[in-house]
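Asker:
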Amino acid sequence: AIAFGITFTVSGISSIWMFAFAGAMLTMLLVFRVARIATSRSVTGILLAGIACSSMLTAAITLLMMKKRDRLEHIYLWMLGSFSSASWIKVGFMAIVLVGAVLCFTILGRDLDLLSFGDHEAQSMGVSVKRTRTIAVVATSLLVAASVSVSGIIGFVSLIIPHIMRLLVGPKNRRLIPLSLLGGAIFMILCDLISRTAAPPAEVAVGAITQVTGAPFFLYLLWKERRREERD
């Protein structure tokens, strides 16, 4: 929609937002379809399918950017992420999706805790592994799709905050997930504040702030995992 200049509004909702949400949902369905064909929706299969679809879509975006050079700046801003296009209508929609996702994860909290011990162990304790994982991934995908459609691509938030919250409150998902949502919201407010005040009067893309913060944290996690493997 940005590249081709497709702009219209329906009940206060922009076409870019609607196309972004639809694209995110189609991507989710594509990932599930590829994972189902390849590995029956195992964790590894979903991850590999996600990587494959991400590479394919990145290539498509790159080609689109080469063809639509006059829209290059707008596409870059969307890919870096920003809250400049947020509105109360979008916030209301996000609230509905958020409440639904939180209720879903609260109900599935015990099953998700058992899944952390492995599929066989969870199944022996009465967990429907495929059903639980499918519902959790769909709920997460809906939440991500709604978020990306409002703000664009903002990376590393889901990597940094859950790890910090796990250290603070423990691994139980009924506490961890709601507090991760709250921590993520606080983190994004701080990043947005920095993006608006770092280089006035210009506004730095909030996604750039999260990437500067998240990349070192990701390297720290890799280093920590390497140290743990060496000790084992």
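Adding 965 to a residue's 1-based position in the sequence shown gives its number in this note's numbering. All C-beta atoms, glycine included, are put in the ideal place defined by N, C-alpha and C. Every value quoted in this text rests on a predicted model; they were computed, and no experiment measured them.
Taking its Cβ as the centre, do 16 or more other Cβ atoms sit within 10 Å of Ser1116, making it buried, or is it exposed?
Answerer: As a working note, residue 1116 is residue 151 in the sequence shown. Buried: at least 16 other Cβ atoms inside 10 Å.
Asker: Which whole-angstrom value is the C-beta distance of Gly1046 and Gly1148, which I expect to be below 8 Å?
Answerer: Mapped onto the sequence shown, residue 1046 falls at position 81. Mapped onto the sequence shown, residue 1148 falls at position 183. With a Cβ gap of about 18 Å, Gly1046 and Gly1148 do not count as contacting.
Asker: In this structure, how does DSSP classify Ser1020 when only helix, strand and coil are distinguished?
Answerer: Position 55 of the sequence shown holds residue 1020. Ser1020: helix per DSSP, three-state reduction.
Asker: Does DSSP put Glu1168 in a helix, in a strand, or in coil?
Answerer: Reading the sequence shown from its first residue, position 203 is the one you call residue 1168. Reduced to three states, the DSSP call for Glu1168 is coil.
Asker: From what residue to what residue does the alpha helix (DSSP H) around Gly1135 run?
Answerer: Residue numbering aside, residue 1135 sits at position 170 when the sequence shown is read from its first letter. Segment: none, Gly1135 is in no alpha helix (DSSP H) and carries neither H nor E.
Asker: Quick check for students: name the residue ranges of the beta strand (DSSP E) that lie wholly in the stretch 1035-1072, counting only runs of 3 or more.
Answerer: Fully enclosed beta strand (DSSP E) runs of 3 or longer: not present.
Asker: Give me, in chain order, the residues of the same chain whose beta-carbon lies closer than 6 Å to that of Asp1076; leave out the 5 immediate sequence neighbours on both sides.
Answerer: If you number the sequence shown from 1, residue 1076 lands on position 111. Correct list, in chain order: Val1092 and Thr1097.
Asker: In the structure shown, what three-state DSSP assignment does Ala1025 receive?
Answerer: Within the sequence shown, residue 1025 is the residue found at index 60, counting from 1. In the structure shown, Ala1025 sits in a helix (DSSP, three-state: H, G or I).
Asker: Residues in its own chain within less than 8 Å of Ala1024 by CB, not counting five upstream and five downstream?
Answerer: For this step, residue 1024 is matched to residue 59 along the sequence shown. Hits under 8 Å: none found.
Asker: Could you tell me which uninterrupted alpha helix (DSSP H) segments, each at least 4 residues in length, are contained entirely in the stretch 1081-1128, listed from first to last along the chain?
Answerer: If we require 4 residues or more, the alpha helix (DSSP H) runs fully inside the stretch 1081-1128 come out as 1084-1089 and 1094-1116.
Asker: Put Met983 into one of helix, strand or coil per three-state DSSP.
Answerer: Reading the sequence shown from its first residue, position 18 is the one you call residue 983. The answer is helix: DSSP assigns Met983 an H, G or I state.
Asker: Using only alpha-carbon positions, find the residue among Ile1154, Glu1195 and Ser1123 that is nearest to Ala1180.
Answerer: Taking the sequence shown and counting its residues from 1, the one referred to as residue 1180 is at position 215. The shortest Cα separation from Ala1180 among Ile1154, Glu1195 and Ser1123 belongs to Ser1123.
Asker: Considering Cα atoms alone, identify which of Ala1111, Glu1194, Pro1165 and Gln1176 is closest to Ala987.
Answerer: The residue given as residue 987 occupies position 22 in the sequence shown. The option with the nearest alpha carbon to Ala987 is Ala1111.
Asker: Classify Ser1145: buried if its beta carbon has 16 or more other beta carbons within 10 angstroms, exposed otherwise.
Answerer: Locating residue 1145 in the sequence shown gives position 180, where the first residue counts as 1. So Ser1145 ends up on the buried side.
Asker: Between Phe1048, Val1067 and Thr992, which has its C-alpha nearest Ile1142's C-alpha?
Answerer: Working through the sequence shown from its first residue, we reach residue 1142 at position 177. Per the Cα distances, Val1067.
Asker: Roughly how many whole angstroms lie between the Cα atoms of Thr992 and Phe1058?
Answerer: Here residue 992 corresponds to residue number 27 of the sequence shown, with the count starting at 1. Here residue 1058 corresponds to residue number 93 of the sequence shown, with the count starting at 1. One C-alpha to the other measures close to 20 Å.
Asker: Measure the beta-carbon distance from Asn1138 to Phe1070 and round it to whole angstroms, keeping in mind my assumption that it falls under 8 Å.
Answerer: Reading the sequence shown from its first residue, position 173 is the one you call residue 1138. Reading the sequence shown from its first residue, position 105 is the one you call residue 1070. The pair is a contact, with the Cβ atoms about 7 Å apart (cut-off 8 Å).
Asker: Going by beta carbon distance, what residues of the same chain come within less than 7 Å of Val999, once the five residues before and after it are set aside?
Answerer: Within the sequence shown, residue 999 is the residue found at index 34, counting from 1. Hits under 7 Å: Ala1014, Ala1017 and Cys1018.
Asker: What's the C-alpha gap between Glu1086 and Asp1078?
Answerer: Here residue 1086 refers to the residue found at position 121 when the sequence shown is read from its first residue. Here residue 1078 refers to the residue found at position 113 when the sequence shown is read from its first residue. Going from the Cα of Glu1086 to the Cα of Asp1078 covers about 11 Å.
Asker: Please work out which residues of its chain come closer than 8 Å, Cβ to Cβ, to Ile1026, disregarding the five sequence neighbours upstream and downstream, and give them in chain order.
Answerer: As a working mapping, residue 1026 is identified with position 61 in the sequence shown. Same-chain partners within the cutoff: Ile1040 and Met1044.
Asker: For the candidate residues Gly1065, Ile1125, Ala1170 and Leu1073, whose alpha-carbon lies nearest to that of Ile1151?
Answerer: Along the sequence shown, one-based indexing puts residue 1151 at 186. The option with the nearest alpha carbon to Ile1151 is Ile1125.
Asker: Less than 8 Å between the C-beta atoms of Val1062 and Leu1108, yes or no?
Answerer: Mapped onto the sequence shown, residue 1062 falls at position 97. Mapped onto the sequence shown, residue 1108 falls at position 143. Contact flag set, yes.
Asker: Can you tell me whether Ser1114 is buried or exposed? The criterion is at least 16 other CB atoms within 10 Å of its CB, across all chains shown.
Answerer: As a first step, residue 1114 must be located in the sequence shown, where it is residue number 149. Buried.
Asker: Report the option in Ile1119, Gly1135 and Val1056 whose CA atom is closest to the CA atom of Asp1157.
Answerer: Along the sequence shown, read from residue 1 onward, the residue named residue 1157 stands at position 192. Ranking Ile1119, Gly1135 and Val1056 by Cα distance to Asp1157 puts Ile1119 first.
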